[in-house]
Every structure is written in C-alpha cells, then in structure tokens.
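**Q** This is the structure, below, for whatever I ask next.
Chains as they are written, first to last, in our numbering: chain A, 250 to 610; chain B, -12 to 322.
Pasting the structure below:
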C-alpha cells in the first residue's frame, strides 16, 4: 500500500499494524460495525452446527420419546459443588400430568445430569436417563434442538450450493454473452426476460411438484437446489452481461486485446475479475432467497420430507393453530431462519461498502 | 399511450405462451396424475377411471393436450378442475380478486408508512431516529414473512381473550371471513373482511415497507447534496419547500420503478401468507392444486399469477410516466 490511503485513515496511527496469522480476519473484524460482527458470529455458529451436527446435537434427531410429546423446553440447573464429580448441570425430568392437553410438570425427586463433552456429544444425558430438551420436543417426542441442528445442514447449504450453481452459470454465460454478443446474447436476454416476468414463487410451487414423494432427503435437497438455481441464474447472467458489455470498451481491456490476448484470456483475466466484486456482493445478498425458498417449500410440505428435518419443515407444525397456541416453542426454528437471513443481509451490505472502490480504506 | 399499451400487450403473448408451455411440460413430467389416488381405491371401477381419463384428456399425447388447452384458453375457457369439478375460470376469479385486494392493501400500507419515514430519516441523517429506524428496517427486511405470520397469529391468539374482554373485539386468527359471514349485512360483511385482512396486510406490508424505506432514504440522501438543491436553497426557499418540491419529486422516480419490480415478491409473499393464514387466495389455490396434481387448475393459477404480475408492471410503468415528466411512453416503449 502506498502512503496516500494511510493519510486518509485517521485510525492507522493510533492502532499499531496487526501482526500474526489472522491479520485479514482481525482487520475485517475491526472494520465491521457491531451488527456485522454479530452476523459473522451467527453464521460461523450456524455453519459449525451444520458441519458438526452429530457432535452438537445431543440426541438422534429421529428418536421418538413416546412419553414426552410436545414437552416444553427444560430449565438447566447448576449442580451444587458436591455433585460436580457427576456433572456441572442437571435438569429435572418432565412428567406428563395431563395427557389431554399435554401439560408437563417437573419431577423434582430425580435429577437428570447433563454431561458436557461426553459420549461423543457437546452435551447430553446418560443413555437411558430421562432426556434433557433444551428447546422442548415436538409432536412425536423428538428433541427439537437436535432436529434444528440437523436441519441446519439443509438450510445453511441450500444457499451456498444454490448460489455456486446459479452464479457459476450466470457469471460464465453473462460474461460470455456480454463480451461476445450476437445470437447467444439475444437468446439469453429473451430467456431472462421471461424469467423476470414470472411470478417466481408460483413457478417454484409448480416446479416442486416434480419432486417424487418417495425420494431420499439428499436427493430432494438437490432437486430443490436445482429448481431454485434454474429459476434464478438468468437474472444474474443479465446483470453480469450488462457489466461485461460496459467493460468491453474500457481502455485496459482494449489494451489487453491490442497486446494480443486471446478472447478467452481477455475474458478470464480482465473482464471476469472486474465484475467479480459485484458478483460476490450479489451472491451474498441472494443466499437469503435460497434459504427462504427452501424453507417455504418445506413448510408447505413440498420440500424436505419427514423424518428428515429442515428449518422450514420443522415450522410446519405451527400451521395448526392449536399447536401454535399450546406449544409456542415450535416457532424456534423460525428464529434460526430469521437470524441466518439477517446475517447474510448485513454481511452483503457490509461487503458492498467494503468492495466499493469509492470508499476504500 | 395507446401505441405503448398495444405494444406491451402484444409483447405479453409470446411470454404467456412460453410460460404456460413450460408449466404444462412440468406438470406432465410429474410421476402419476390426479387419478393415481383414485386408482388405488378398490371401490372405483377401472371403467370409471378410463372414462375420467377421457373426460380430462389425460390419455392424449402432451402436445395435443397443450394445443387443445391453448385453443380453449383463447376462448377464455381454462378447462375443468378435477378436484372441484367446476370450471377453472369460475374458481380463479374470486380467488384472484382476494389476492389482488390483499396485495394492493399491503402495498398501500407499505407506501403510506415508508415514504414519510424515509423522508424523516434522510432529513435527520445520523440522528438517533435514523439509526433506530434503519436498524428496524433491516429487521423487517430479514424476517421471513411466514415466520412473521406465525408470530402475529400467536400474538393474536394470546391477546385475543383480553382484547375481547376489554374492547369486545379481537383480531381473527387466519381465515378469509368469520363463520357467520353469510348472515351479516353488507356493512358487516365489509367490516368482517377488513377485520380479517389486518394481520395479513401487516405481515406482507412489513417487508415491503422496510425495503422501500431504505430506498427512499438513500434516494433522498443522494439528491439532497446535488447542485439544483443547493441552488434552490440559495434562492432562499424554505427547507420544507426544498424537500417537498425539489428533493422528493426527484426521489420518487426509482421508487416507483422499484415498487413495480417488487410486485413479484409481493405476489409470492402473498401466496405464502395465504397458505399459512388460510386465506382463500390464488396462492393457496395453486398450492392445493399442486398437491393434488390438478393440472388445469395449476395451469390456470400460474397463468393468472403471471397476468396479474404483468398488469402490475404495466401499471407501475404508467405511474412512472405520471410521476416523472422526463419519462414518456416513447422512451419506455423503446427500452
């Protein structure tokens, strides 16, 4: 870096230049406002949930505790120091007192110890001991927290994979058609026009009918990703095309061509990098769309099917007003969706400011 | 203007053909059809199934069926719904009207609140109100509308008894109208419908409101520092006149355009909220049709949704010409 940007930045002199391994991360952290930091933390946590779900989830997400359907979240108690040889925390197991309205009461006579870092889980109770439901259980007595943790795999990766596919396609086709022009350009633009005047959610619903009901959760997941990418790639291609077309006559691209760069080389080394910054921002900001699309489909019963879980299909229980009134904790997966979407929005917004050359620091 | 209208309507035709063919293709790719369930039922004779197949034309090849459908569509006949056994046209009419009412009301709601807040926030940039409201806007933009619908329903459920006790009135939880709707007089009917619209309109309005407010804010901030505004101030105009007569009028142009683009989201959001809150709209109809593989109903709903969207975009363009004297129909048509 030259001296000029340092003069522009008044903080450079007061704080010593960071050293060590994670300079980049620390620098970004310093530059982010607190919502951005919070978002970064949230997303890190969610991706951790998705990658390490078997460890973080305390129980098998499909195991049904038949005696504990719709059990409310349990309170965690700190053990008295005399019990610390067993575990630091315990919970009182729940007993159903009224089967009609599914009311539960704590059984104060027994303690169910919650062990940290044991049995291959972050926290769990002993096998055979009454379970500890951090976020309650759902209608079949399955642990809601475990289901949310496993569901994060779907919800967190649908965005990443979907964006990779639709952006890979969009940026290649867009840059190609913007730079090459001609018939290809014309065709792509007509198609993206059709796509943009579609009521996309209606179309998504109609397309979701293709997914056969007997498919495995993984296959369904990829079908959903494919469908959503199919709907969204042309929009990106259109934007990238516009940028590539405007870059075509910029001096440095002309210079590259004059120096004898092949069409492919100019495209990959000069045109694509110049639109990449924008593409990253647009990609980040389009991830929420994928997450929301999957959640909506699964919520409506057209996406991920039981017994697999996603944040969307966990919310489907709340469609019954009775459930909503009696067991409000079934709305917790919605909080996760909200946090994920908000984090991507904040990060995308922040990235736009950071990558905008007019306010570079 | 007439030329512009004719051109736009003509442009719609290939679009509609493309979209209907695509959805027809999709629906025929689906394994099984509406009759698959009936075939499992031992009390329905195979002969009846055959007859029904012939009645709905399911035994014909795809292209034949599509062109027959297209031909019928030109005569405003969208075929029969297999599940309801009535014509699709009669089913869709009322449902589409409900969706239009819902969307228009929530759009109005979003505008009425977003414009003034956007102005206030931009004029008092970096004040505490600006910070709070801008943050809330991010919140509103990020909250999934189906989740907000659940939350609002929960709040309505919880506060219902108290409200009933205090005011003798409470928010209905989902549904298009009350059980005793048929017995009400006209005024009561309208009141009942409005009552049932409050929650969905709020839910749908929040997301639109948030993004429109942000847009309004950034627009005004951009224009506030431009030369002609400084000139207006230098002439000695009051701040009020500068904002309303100079800044606001220029800020409205992209605002109207964006509102037009937001229609697709609005329609999609409306479909979700309809499904969650059980409102008898086009989205819920489509969902049911997709679930039962009621082909002609799916086609009809997708077609209707597309037409609504195209008409909405057309209206947005006309509004743009009305708002911004720099834009006229010739320049819009040549785009």
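The beta-carbon is built from N, C-alpha and C at its ideal position, and this holds for glycine as well. A quick note: this is a predicted structure, and the numbers were derived from the prediction, not measured.
Cα separation between residue 442(A) and residue 224(B)?
**A** Going by the C-alpha atoms only, they are around 45 Å apart.
**Q** For residue 350(A), would you say it is in contact with chain B, using Cβ-to-Cβ distances shorter than 9 Å as the test?
**A** Not an interface residue.
**Q** Look at the alpha carbon of residue 604(A) and the alpha carbon of residue 526(A), and state the distance between them as a whole number of angstroms.
**A** Near 6 Å, if we compare the C-alpha coordinates of residue 526(A) and residue 604(A).
**Q** If distances are taken between C-alpha atoms only, which option among 580(A), 602(A), 587(A), 599(A) comes closest to residue 384(A)?
**A** The option with the nearest alpha carbon to residue 384(A) is 580(A).
**Q** Could you round the C-beta distance between residue 549(A) and residue 262(B) to whole angstroms and report it? I think they count as a contact, below 8 Å.
**A** About 6 Å separates the two Cβ atoms, so the contact holds.
**Q** Sort 256(B), 208(B), 159(B) by Cα distance to residue 113(B) and report the nearest one.
**A** Checked all of 256(B), 208(B), 159(B); the closest Cα to residue 113(B) is 208(B).
**Q** Identify which residue in 322(A), 518(A), 423(A) has its Cα closest to the Cα of residue 343(A).
**A** Checking every option, the nearest Cα to that of residue 343(A) belongs to 322(A).
**Q** Indicate the three-state DSSP secondary structure (helix, strand or coil) for residue 573(A) in the structure shown.
**A** Note: residue 573(A) maps to helix in three-state DSSP.
**Q** For chain B, find out if any of its Cβ atoms is closer than 9 Å to the Cβ of residue 590(A); answer yes or no.
**A** Chain B contact via Cβ: present.
**Q** Among residues of its own chain, excluding the 5 on either side of residue 408(A), which ones have a beta-carbon nearer than 6 Å to its beta-carbon?
**A** Taken in chain order, the residues that qualify are 536, 539, 540.
**Q** Quick one, which residues of the stretch 270 to 281 of chain B are near chain A if we go by CB-CB under 8 Å, in chain order?
**A** Of all residues in the stretch 270 to 281 of chain B, 270, 273, 274, 277, 278, 280 have a Cβ within less than 8 Å of some Cβ in chain A.
**Q** Give the range of the beta strand (DSSP E) segment to which residue 340(A) is assigned.
**A** Segment 338 to 340, the beta strand (DSSP E) holding residue 340(A).
**Q** List, in order along the chain, the chain B residues whose C-beta lies closer than 9 Å to that of residue 446(A)?
**A** Result: -1, 2, 6, 251, 293, 296, 297, 300.
**Q** Using the C-alpha atoms, what's the distance from residue 240(B) back to residue 293(A)?
**A** Distance between the alpha carbons of residue 293(A) and residue 240(B) is about 40 Å.
**Q** For residue 568(A), which residues in chain B fall below 7 Å Cβ to Cβ?
**A** 263, listed in chain order.
**Q** Looking at the structure shown, is residue 60(B) part of a helix, part of a strand, or coil, going by DSSP?
**A** Three-state result, residue 60(B): helix.
**Q** Can you tell me whether residue 357(A) is buried or exposed, with buried defined as 16 or more other CB within 10 angstroms of its CB?
**A** By the 10 Å Cβ count, residue 357(A) comes out exposed.
**Q** Can the beta-carbon of residue 21(B) be found closer than 9 Å to that of residue 70(B)?
**A** In this structure, residue 70(B) lies closer than 9 Å to residue 21(B) by Cβ.
**Q** Excluding the 5 residues preceding and the 5 following residue 25(B) in the sequence, name in chain order all residues of the same chain whose CB lies nearer than 7 Å to its CB.
**A** So the qualifying residues of the chain are 31, 36.
**Q** Could you check where the beta strand (DSSP E) with residue 355(A) kicks off and where it finishes?
**A** Its beta strand (DSSP E) spans residues 352 to 355.
**Q** Below 8 Å on the Cβ atoms is my guess for residue 10(B) versus residue 286(B); work out the distance and round it to an integer in Å.
**A** Indeed they touch by this definition, with Cβ atoms about 6 Å apart.
**Q** Using a 10 Å radius around the Cβ and a threshold of 16 neighbouring Cβ atoms, would you call residue 435(A) buried or exposed?
**A** That one is exposed.
**Q** Within 9 Å (strictly less), CB to CB, does residue 82(B) reach chain A?
**A** No, residue 82(B) does not count as interfacial toward chain A.
**Q** At the level of alpha carbons, what is the spacing between residue 424(A) and residue 412(A)?
**A** Whole-angstrom Cα-Cα distance: 17 Å.
**Q** What does the Cβ neighbour count give for residue 140(B), buried or exposed, with the cut at 16 atoms within 10 Å?
**A** Label assigned to residue 140(B): buried.
**Q** Among 546(A), 492(A), 544(A), 510(A), which one has its Cα closest to the Cα of residue 522(A)?
**A** Among 546(A), 492(A), 544(A), 510(A), the Cα nearest to that of residue 522(A) is on 492(A).
**Q** Check the Cβ-Cβ distances between residue 128(B) and every residue of chain A, and say whether any is below 9 Å.
**A** Closer than 9 Å to some Cβ of chain A, the Cβ of residue 128(B) qualifies, so yes.
**Q** Could you name the residues of chain B that residue 574(A) contacts, counting a contact when the two beta carbons are closer than 7 Å?
**A** Per Cβ cutoff of 7 Å: 144.
**Q** Return the residue from the list 566(A), 380(A), 403(A) that minimises the CA-CA distance to residue 474(A).
**A** It is 403(A) whose Cα lies nearest to the Cα of residue 474(A).
**Q** Exposed or buried, what is residue 478(A) when buried is set at 16 or more other beta-carbons lying within 10 Å of its beta-carbon?
**A** The residue is buried, with at least 16 neighbouring Cβ atoms inside 10 Å.
**Q** Determine whether the Cβ of residue 258(B) lies closer than 9 Å to any Cβ atom of chain A.
**A** Chain A contact via Cβ: present.
**Q** Measuring straight from C-alpha to C-alpha, what distance separates residue 573(A) and residue 391(A)?
**A** Answer to the nearest angstrom: the Cα atoms are 17 Å apart.
**Q** Below 9 Å between beta carbons: does that hold for residue 401(A) and residue 309(A)?
**A** No, they are not a contact pair.
**Q** Does chain A have any CB closer than 9 Å to the CB of residue 166(B)?
**A** By this cut-off, residue 166(B) is not an interface position.
**Q** Count the CB pairs spanning the stretch 194 to 208 of chain B and the stretch 105 to 124 of chain B that are closer than 8 Å, and state whether there are at least three.
**A** With the cut-off at 8 Å, the stretch 194 to 208 of chain B and the stretch 105 to 124 of chain B touch.
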